[in-house]
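Quick note on this note's numbering: the sequence shown kicks off at 2 and runs consecutively.
Note that beta-carbon positions come from the ideal geometry of N, C-alpha and C, so glycine has one too.
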Amino acid sequence: MHRLKILVTAGAVAVAVAVISFTLSRVLTVRQTETSARAAESELITGTLSSRQTALQLEPLTASAPTPPVVSAPRATVPESPILNSTSRPPCGNPDALGVSRVVEIDTAGGPGFGFEQFKAYDFLGEREVVLTFDDGPWPGNTLAVLKALADQCTKALFFPIGKHAMWHPELLKQVAAAGHTVGSHTWSHVDLSKLPVEQAKEEFEKGASAVRAALGTSEASFFRFPGLRSPPEMLTYLGTRNVGIFSTDMDSFDFKIRKAEQVVASVMTKLKKRGKGIVLLHDFQHPTALALPELLAQLKAGGYKIVQVRSKDPVTTLPEYDAAITKEFGIGAASTRSIANVVRTVSE
Ligand SMILES: [Zn+2]
């Protein structure tokens, strides 16, 4: 009897060990797949930057659902940037809109990190709360379709544009900011910073942030996302000294690998159901994502999810030498966006 008990116990232990090692190997496999997928994404974008044709050849999007915007978002505690004040936004005319349930302000001093894939210290989302993030824009067609879908649902997101894209299409990025979305940065040319010498990696960050500033004529949020989520420790330290908040993700949609809109929706909703909340990584650069967004937002609303908008307490502080380099390269800068009344005034007649 005693021996039987030992055998049964030993059997149970063996089964448990097998289950644990299977689960562990699955987790590790998923991790490896995600890492290599992101490396592929990084290369895809870098390739695109050298041949702009690839994404430009995407078919134009057909316009989606109508209905203009209202935001029920509590904005009181967060000062709006000048570009937001300068643009009048129509109120939301959609009473069933997803909207914004709350706006959070982040003090980026010391470079805090967010998104459980890499940073566990600050879990600021409650049950069913979602932060929508869009990377790699701005891009013709796709970014405007994303903006329209968000406006139709009177909701707000966080954008991480690539510096070069911002310089090629500053008018698109201006529309992102004018619609009241939060804009961070995502390097100058979307290279994997873990493969660069640290000085070049710093330049990639600085030039990307200066490009966003030049495109918008004002400094935006002090938020950054690493291409492919590859974050070398030296850069984490550096961004800490620059007081830049770092965004990883709670769930990656892997939309850059998906060719069909409905699969983008399914990818996000499945992961959200599992986690119950989170910072969601999407790409306004990707055509299927732009097509998927109206349905994705509708499903978020139907599923009882609530959108949280994230803002930074202080704008990013760009470095003058990089602002100057961008101005020199593209012939634009903050000065060119000042109104005539601020530049020229009559002092005597
Ligand atoms: Zn990216």
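Selection 347, 328, 228 evaluated against residue 138 yields 228 as nearest (Cα-Cα). One Cα belongs to residue 103, the other to residue 127, and the distance between them is close to 11 Å. Annotation for residue 279: no alpha helix (DSSP H) segment contains it, though the beta strand (DSSP E) segment containing it runs 279 to 284.
Taking 6 Å as the cut-off, the C-beta of residue 96 does not count as close to any heavy atom of ligand 1. Shown here for residue 242: same chain residues with a beta carbon closer than 8 Å to its own, the five before and five after excluded, namely 112 in chain order. Residue 252 is a Cβ neighbour of residue 281, given a cutoff of 7 Å. Per DSSP, reduced to three states, the secondary structure at residue 205 is helical. Between ligand 1 and residue 228, a heavy atom-to-CB distance of less than 6 Å is present. By the 16-neighbour rule on beta-carbons within 10 angstroms, residue 125 is exposed.
With a 10 Å radius around the Cβ and a threshold of 16 neighbouring Cβ atoms, residue 201 comes out exposed. Relative to ligand 1, residue 253 has its C-beta separated by 6 Å or more from all heavy atoms. Per DSSP, the unbroken beta strand (DSSP E) holding residue 248 starts and ends at 246 to 248.
Per DSSP, the continuous beta strand (DSSP E) segment holding residue 307 begins and ends at 307 to 313.
Around the C-beta of residue 171, 16 or more other C-beta atoms lie within 10 Å, and the residue is accordingly described as buried. Secondary structure of residue 183 (DSSP, three-state): strand.
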